[in-house]
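What the sequence shown shows, in my numbering, is residues 1 to 98, in sequence order.
Ideal placement from N, C-alpha and C gives every residue a C-beta, glycine not left out.
Because the structure is a prediction, the values reported are computed rather than measured.
First comes the structure, then the notes that go with it.
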Amino acid sequence: MTKEERKLLQEWVKNGNSPYENGDYVCDDNCQPMDFVNTLRFWEDIRKCYNQLPIEERRSIQGENETLVLVSHSEFDENGFQLPTDLLEEIEKEVYFL
């Protein structure tokens, strides 16, 4: 476990959540909820794969999933992971192509 993963996990548990669950309801191949740290790693893998795509393909995917991009941050933070501000800004730049 990295220091960043440990820090995020501690915040997750401090907010009253179980380390064996994730706020995004991500499940493994057996349809069982993934734990918090493995879900973090899953999203990081998705981000890396996405960033390897050509820009045209990323824009195409963004257009196909426009409703996912439009989810408000307040809903995401309340029900999902609470991301550090600097990481959230980096994600917004990638998603909105700023």
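{"query": "Reduced DSSP category for C49 - H, G, I as helix; E, B as strand; rest coil", "result": "helix"}
{"query": "Option nearest K7 by Cα separation, candidates D29, Q32, F36, E57", "result": "F36"}
{"query": "Opening and closing residue of the alpha helix (DSSP H) in which E11 lies", "result": "3-14"}
{"query": "Per-residue burial, N51 [other beta carbons within 10 Å of its own, 16 or more giving buried]", "result": "exposed"}
{"query": "Same chain only: Cβ atoms within 6 Å of D28, ignoring 5 sequence neighbours per side", "result": "M34"}
{"query": "Buried or exposed (CB count within 10 angstroms, at least 16 for buried), N30", "result": "exposed"}
{"query": "Inter-residue spacing [alpha-carbon to alpha-carbon] between E4 and T39", "result": "14 Å"}
{"query": "N15 versus L53: straight-line alpha-carbon distance, rounded", "result": "35 Å"}
{"query": "Cα-Cα separation between W12 and E57, rounded to whole angstroms", "result": "34 Å"}
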